[in-house]
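Residue 1 is where the sequence shown starts when you use the working numbering, and the numbers rise one by one after that.
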Amino acid sequence: MFSFLHVADIHLDSPLRGLARYEGAPVEEIRGATRQALDNLVNYALENAISLIVLAGDVYDADCPDFQTLLHFGHQMSRLGEHGVQVVMIRGNHDADNSMTASLTLPDNVTVLPSAKPGTWRSPSLPVAVHGQSYAGREVATNLVRDYPSPVPGLFNIGLLHTALSGRPGHAPYAPCTLTDLAAKGYDYWALGHVHEFEQVAQAPHVVFCGCLQGRHARETGAKGCVRVDVDDQGQLLVEQVVLDVLRWILVDVNISGVRRLDDLYAAVASALRVALPPLGNRLAAVRLRLQGQCAAHARIVQDPDKVIAQIRLLATDLSRHRTWIEKVLLDTTPELDLAVLSQADTPQAGLLRALKALEQDPDELTALGLDLRDVQARISGSGLSLPDLDDPKTRSALVKDVRNMLIPMLAGASGASLEEDHAH
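This is the structure in structure tokens:
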């Protein structure tokens, strides 16, 4: 029996998006999250007598401009080497062959499979062969699997590949291939990288995305880490996720329908956080909090949204003893009004409200809106403002909703506007 770890998408020292400083926020700990997650991986391997780690690409983020990042990775690999742990890796689209990554000589226990063609590594101590091919450049549009070698008879064969298979939402279709392509190679286990969610795609053979080691933004919620594979003497596999992240991204929805006073709003937020935070243990939490509902407190919220957001951040800091960072507060409330009636008024605002409702329901028009806004975004790209991701359909819908919410007080004769913390999703 033997065990190995399947790791991918470390993105070491990747800048965490939208990292805003405010009093009580654990900013420095958050900045070091990817390094600490890598340290956790190495500690786990040493504590559990793991002798092989396979790494399916994207150790670094883009061109990795900082040599300190390379040195930290090299140091952690040396720790593994001192205890006889072998590491076999490929490079993915983010850390494809470039002058920076090539400039660091990795310890002898680390093998980087070639980019010119697939390579095979045989373990000196385990009945294992690892096959894989690194990316030669950032974009690989060809099916690399077709040229992977045949399995080595009598050994447990692992395929390393950085791919989205035939497609995964939110991921570029690099090195496209199908499950049929993978199965045809006759390997025992396919260790995949590129997709940041843990997913057991198939079991005959085992095809697994281990997910990223540490979540880096609000779309990478949930537990992150690596995969441990135990292989018994009959060749049967036990595949399980090992959670190693130090910062957990979570979305907390707070329904404040019917709430009239801000104190009651804060009580509802506190209640929601008391439910969401304890399962994380001592792990840092990055929270995107969304206030929703039709309520009388809406007018107070839009009157001074910065004050509401600051109070929520203070509350979260106090509840978690400085272990929670409120990444963003989305104010998605509406006043206690009948919008259907208001939108029928014979006013320019009501007409615009009707047009916005139609726009929200038309995906093609929303896409066209995103293209139109790109010109505006390009002109202010150097302003230092936090700009929305116009490629995300949810962002485009949210922008329309923000405009709609700005109109509602005008229709109702109130002042203010329903705003998100930084006016961008």
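All residues carry an ideal CB built from backbone N, CA and C; glycine is no exception.
Since we're looking at a predicted model, the values are computed, not measured.
Quick test of your reading: residue i and residue j, contact by CB under 8 Å. State the CB separation rounded to the nearest angstrom.
| i | j | result |
| --- | --- | --- |
| Ala123 | Leu52 | According to the sequence displayed, residue 123 carries Ser and not Ala. Yes, they are in contact, since the Cβ atoms of Ser123 and Leu52 sit about 6 Å apart, within 8 Å. |
| Gly215 | Trp249 | 5 Å |
| Tyr135 | Ile158 | That pair is no contact at about 18 Å. |
| Leu106 | Gly74 | 6 Å |
| Ala10 | Leu46 | The amino acid at residue 10 is misidentified as Ala; the sequence shows Ile. Going by Cβ atoms, the distance from Ile10 to Leu46 rounds to 17 Å, so no, they are not a contact pair. |
With the cut-off set at 7 Å, would you say residue i and residue j are in Cβ contact?
| i | j | result |
| --- | --- | --- |
| Val246 | Ala33 | yes |
| Asn143 | Pro176 | yes |
| Val227 | Cys210 | yes |
| Val252 | Gly225 | no |
| Leu265 | Ala297 | yes |
| Ser431 | Ile50 | This structure cannot speak to residue 431, because the chain is shown only from 1 to 425. |
| Gln259 | Cys295 | The displayed chain sequence assigns Val, not Gln, to residue 259. Yes, they are a contact pair. |
| Leu179 | Ala202 | yes |
| Ala129 | Val145 | no |
| Ala184 | Arg138 | no |
| Val269 | Ile326 | no |
| Val7 | Leu55 | yes |
| Ile301 | Thr333 | yes |
| Leu291 | Ile256 | yes |
| Leu356 | Val400 | yes |
| Leu155 | Pro114 | no |
| Asp147 | His94 | no |
Compare the C-alpha of residue i against each of the options and name the closest.
| i | options | result |
| --- | --- | --- |
| Val87 | Gly57, Ala96 and Gln203 | Gly57 |
| Thr120 | Val140, Leu161 and Asp95 | Leu161 |
| Arg91 | Thr111, Arg219 and Asp318 | Thr111 |
| Leu330 | Glu336, Leu337, Ala310 and His322 | Ala310 |
| His196 | Thr163, Asp181, Ala183 and Pro205 | Thr163 |
| His131 | Pro149, Phe67 and Ala141 | Pro149 |
| Lys117 | Thr317, Pro305, Ala129 and Gln133 | Gln133 |
| Ala267 | Leu280, Pro305, Gly281 and Ile312 | Ile312 |
| Pro278 | Leu155, Leu319 and Ser78 | Leu319 |
| Ala223 | Gln241, Thr334 and Asp232 | Gln241 |
| Pro48 | Ala355, Thr317, Glu220 and Leu80 | Note on identity: in this sequence residue 48 is Asn, with Pro being the wrong assignment. Out of Ala355, Thr317, Glu220 and Leu80, Leu80 has the C-alpha closest to the C-alpha of Asn48. |
| Met77 | Arg35, Ala316 and Val376 | Arg35 |
| Pro205 | Gln236, Glu28 and Pro363 | Gln236 |
| Gly24 | Ser271, Leu315 and Pro363 | Leu315 |
| Asp304 | Ser343, Leu262 and Gly293 | Leu262 |
| Leu12 | Gln68, Ser271 and Val27 | Gln68 |
Going by DSSP in three states, residue i sits in which element: helix, strand or coil?
| i | result |
| --- | --- |
| Ala268 | helix |
| Ile380 | coil |
| Met89 | strand |
| Pro131 | Per the sequence shown, residue 131 should be read as His rather than Pro. Residue state, collapsed to three classes: strand. |
| Ser3 | strand |
| Gln76 | helix |
| Asp9 | coil |
| Ala20 | coil |
| Gly57 | coil |
| Phe67 | helix |
| Arg122 | strand |
| His194 | coil |
| Gly81 | helix |
| Arg31 | helix |
| His298 | helix |
Does the beta carbon of residue i come closer than 7 Å to any beta carbon on chain D?
| i | result |
| --- | --- |
| Asp263 | Judged by its chain identifiers, the structure shown contains no chain D, having just a single protein chain. |
When you measure from the CB of residue i to every non-hydrogen atom of the ligand ADP, does any distance come out below 6 Å?
| i | result |
| --- | --- |
| Ile30 | This structure simply doesn't include the ligand ADP, nor any ligand for that matter. |
(Q) Just to confirm the assignment: which complete beta strand (DSSP E) runs, minimum length 3, are found wholly within the stretch 305 to 373? (A) 324 to 334
Q: Identify every run of the beta strand (DSSP E) within the stretch 137 to 179, keeping only runs that are complete inside it and at least 3 residues long; order them along the chain.
A: 156 to 162
(Q) Which complete alpha helix (DSSP H) runs does the stretch 233 to 289 hold, if anything under 4 residues is left out? (A) 262 to 276
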